[in-house]
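Numbering (our numbering), first residue to last: 1 to 195. These notes are about the structure you will find just below.
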């Protein structure tokens with residue numbers, strides 16, 4: 001007699017819940033999905049789910065999540081679990097560490113460029129129909145500090161280095177060099193160092 005395979009039920013608490021549900025149903029037809037991008041639907045479905053996919057864990061609904069055995073965080077940080085960390089013995093927690101390096105590095109370098117060029121001033125002047133020229137040194141003449149050189153930080157360091165910047169980096173273990181970092185400091189040494 002064949003045993004029936006267990007069905008996994010996943011509640012999707014994410015702005016792209018419908019897209020994720022379609023992706024899951026196409027590739028894993030035995031997985032049951034609940035689309036719950038808002039608190040009302042999340043509260044309704046979390047009691048039926050074995051797994052939760054969300055950016056933050058909804059601690060306010062933890063007591064309703066009786067069947068929950070897996071929390072997949074769509075970000076790297078799982079600090080939303082801190083208020084209930086002593087109650088998670090039966091829940092596996094996984095995250096999406098390591099996949100956001102490129103997009104966050106894009107964001108950081110865009111911000112660095114906007115600040116360096118003072119884009120807010122440009123936009124104010126443009127709105128006032130003023131066209132004031134100014135000299136701006138290249139980013140290659142500048143230095144940047146990156147605190148934390150995991151997946152995201154090391155990608156930022158490489159992007160900054162590719163722009164010609166001098167890169168200072170800080171991380172716990174400095175025994176191995178990091179690509180794109182000119183000077184590496186431990187967290188404790190960084191506090192005492194002036195760049």
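We put the CB at the ideal spot given by N, CA and C, even for glycine.
Using the three-state DSSP reduction, which class does residue i fall into: helix, strand or coil?
i	result
residue 169	strand
residue 2	Confidence is the limiting factor: at residue 2 the pLDDT is only 43, short of 50, which leaves the residue's position unreliable and the question unanswerable from this model.
residue 115	helix
residue 47	helix
residue 195	Residue placement at residue 195 is flagged as unreliable, the pLDDT there being 49, under the threshold of 50; the coordinate-derived value follows with that caveat. Residue 195 falls in the coil class under three-state DSSP.
residue 135	coil
residue 92	strand
residue 110	helix
residue 146	strand
residue 105	helix
Taking only the alpha-carbon atoms, compute the straight-line gap between residue i and residue j and give it to the nearest angstrom.
i	j	result
residue 65	residue 179	44 Å
residue 181	residue 106	18 Å
residue 58	residue 127	43 Å
residue 25	residue 78	26 Å
residue 177	residue 103	23 Å
residue 172	residue 9	39 Å
residue 224	residue 115	Coverage of the chain is limited to positions 1 through 195, which leaves residue 224 absent and any answer about it impossible.
residue 129	residue 117	18 Å
residue 11	residue 42	7 Å
residue 98	residue 154	11 Å
Report all residues from its chain with a CB closer than 8 Å to the CB of residue i; omit the five preceding and five following residues, and keep chain order.
i	result
residue 100	75, 76, 151 and 152
residue 158	105, 179 and 180
residue 14	20, 37, 53, 54, 55 and 74
Return the chain-ordered list of same chain residues with a C-beta closer than 7 Å to the C-beta of residue i, the five sequence neighbours on each side being excluded.
i	result
residue 161	167 and 180
Label residue i either buried or exposed according to how many other C-beta atoms from any shown protein chain fall within 10 Å of its C-beta, with 16 as the threshold for buried.
i	result
residue 34	buried
residue 123	exposed
residue 186	exposed
residue 61	buried
residue 113	exposed
residue 84	exposed
residue 71	buried
Starting from residue i, follow the alpha helix (DSSP H) in both directions and report where the run begins and ends.
i	result
residue 140	No alpha helix (DSSP H) contains residue 140, which DSSP labels as neither H nor E.
residue 25	17 to 27
With respect to the beta strand (DSSP E) encompassing residue i, which residues constitute its N-terminal and C-terminal limits?
i	result
residue 216	Coverage of the chain is limited to positions 1 through 195, which leaves residue 216 absent and any answer about it impossible.
residue 34	32 to 35
residue 13	9 to 13
residue 199	No statement about residue 199 is possible, as the shown extent of the chain runs from 1 to 195 and does not include it.
residue 72	70 to 73
Using a Cβ-Cβ cut-off of 8 Å, state whether residue i counts as contacting chain C.
i	result
residue 9	As a matter of chain content, chain C is missing from the structure shown, which is built from one protein chain.
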